[in-house]
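Enquirer:
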Amino acid sequence: MDTEVCDIDNPTNRQLVSTIFFPTSEDRWRGRICAKQRVQVSGKSYTNLIDHLQRPHSDATIDSPYKHILRHGTSIPVVNVPSLAKGIHDWIEWTVMENRPLSLCKTELVRKNTTLPKINPKSLKGHIRALVEVVRSEIKAKLPGQRLGLVFDI
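Residue 103 is where the sequence shown starts when you use the working numbering, and the numbers rise one by one after that.
Take a look at the structure:
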């Protein structure tokens, strides 16, 4: 990491590169956010690496790991979420946040006009129940010894 004083809110390109990337060889750098390897010729500006940060990563994606690395000296682990898990999350989000019936996922028009993976209402309900249990146990762990009633209408 750079030894120069880092402005956590307005980092220079050099500070961003030295914080978010690490060299793997003379002209190759690996990102701490997405673990992709990029070529950057030594002695040149950081254009290629900064371009990589700005194109596939949003400001929020860059800002959070940058500040985390500066504060803690380590990067946030990157997790590749399987597309099926992402699809299940998206079905749950859609049905819950818009108060839709679980049968939404089996209608022909919805299946025709969405890129989400096919799922049946019974499976969706099972995934929602599993999520409810995770949330319930997290709340229980964070509020030990306190009586609390939770009702989920699924």
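We put the beta carbon where it would ideally sit given N, CA and C, even for glycine. In this text the structure is predicted, and so the values were computed from the model without any measurement.
DSSP beta-bridge partners for Gly133?
Expert: Locating residue 133 in the sequence shown gives position 31, where the first residue counts as 1. In the DSSP output, where bridge partners are listed per residue, Gly133 has Phe123.
Enquirer: Helix, strand or coil: which one does DSSP assign to Asp104?
Expert: Start at 1 with the first residue of the sequence shown, and residue 104 comes out as number 2. Reliability of the predicted coordinates at Asp104 is poor, the pLDDT of 42 falling under 50, and the value obtained from them is presented with this limitation in mind. Coil, per DSSP.
Enquirer: Taking 8 Å as the cut-off, does the region 217-224 touch the region 234-242 (at least 3 CB pairs, one atom from each stretch)?
Expert: No, the region 234-242 does not touch the region 217-224.
Enquirer: Measure how close the beta-carbons of Ala226 and Cys207 come, nearest whole angstrom, since I'm counting them as under 8 Å.
Expert: Walking along the sequence shown from the start, residue 226 turns up at place 124. Walking along the sequence shown from the start, residue 207 turns up at place 105. In the sequence under discussion, the amino acid at residue 226 is Leu, which differs from the Ala named in the question. Rounded, the Cβ-Cβ distance is 6 Å, consistent with contact.
Enquirer: Pull up the distance between the alpha-carbon of Phe123 and that of Pro184, whole angstroms please.
Expert: As a first step, residue 123 must be located in the sequence shown, where it is residue number 21. As a first step, residue 184 must be located in the sequence shown, where it is residue number 82. Cα-Cα distance, rounded: 25 Å.
Enquirer: Roughly how many whole angstroms lie between the Cα atoms of Glu210 and Leu250?
Expert: By one-based count along the sequence shown, residue 210 stands at place 108. By one-based count along the sequence shown, residue 250 stands at place 148. Going from the Cα of Glu210 to the Cα of Leu250 covers about 41 Å.
Enquirer: Flag this pair as yes or no: are the beta carbons of Leu204 and Ile152 separated by less than 8 Å?
Expert: Translated into positions along the sequence shown, residue 204 becomes position 102. Translated into positions along the sequence shown, residue 152 becomes position 50. Contact: no.
Enquirer: Pull the bridge partners of Val141 from the DSSP assignment, please.
Expert: Taking the first residue of the sequence shown as position 1, residue 141 is located at position 39. Beta-bridge analysis with DSSP links Val141 to Arg130.
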